[in-house]
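Undergrad:
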Amino acid sequence: MIKRLLDKTTLDERLIETSKRVHREYRKTLVTALNTGLAFIVALFIKDLLKSFFDLLLLKLHLSELSGIFYQLIIALGVVAVCVVGIIVLSSWSDDGKC
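Residue 270 in this note's numbering is what sits at position 84 of the sequence shown, and the numbering runs on without skipping anything.
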């Protein structure tokens, strides 16, 4: 009788499997969050780099009074393009079941 009590039951196996699945999902979510944070930091530095580059370029072309407008337009178009491509890629992954 004691041996039977010490053996794993079906409920115990389900609990263990559910616990492992929750742990895997937690790790995936944590990795995704960390990658997003790192990507945000990279994006901030790239933004500063692009701003400096376009300010210098427009200064050389004697268009410095329009630098803010050109900078914002080019960055906005770039961000939209990257986001659209990202959405398309993520959508295709979720449709194929690869995620």
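Glycine included, each C-beta is placed from N, C-alpha and C at the ideal position.
Note down the Cα distance separating residue 268 from residue 206, rounded to an integer number of angstroms.
TA: Going from the Cα of residue 268 to the Cα of residue 206 covers about 35 Å.
Undergrad: What does a CB cutoff of less than 7 Å around residue 237 pick up in its chain, not counting 5 residues either side in sequence?
TA: If we look at residue 237 and ignore the five residues flanking it on each side, its Cβ neighbours are 257.
Undergrad: Look up residue 249 in the DSSP assignment and say whether it is helix, strand or coil.
TA: If DSSP states are grouped into helix, strand and coil, residue 249 belongs with coil.
Undergrad: Excluding the 5 residues preceding and the 5 following residue 262 in the sequence, name in chain order all residues of the same chain whose CB lies nearer than 7 Å to its CB.
TA: Closer than 7 Å at Cβ, skipping near neighbours: no residue.
Undergrad: Report yes if the C-beta distance between residue 260 and residue 231 is below 8 Å; otherwise report no.
TA: No, these two residues do not count as a Cβ contact at 8 Å.
Undergrad: Would you tell me roughly how many angstroms separate the C-alpha atoms of residue 264 and residue 271, rounded to the nearest one?
TA: Residue 264 and residue 271: Cα-Cα distance of roughly 11 Å.
Undergrad: If you drop the 5 nearest sequence neighbours on each side, which residues of the same chain put their C-beta closer than 7 Å to that of residue 285?
TA: With a pLDDT of only 49 at residue 285, under 50, the local geometry of the prediction cannot be trusted, and the value read off the model is given with reservation. Around residue 285: 279.
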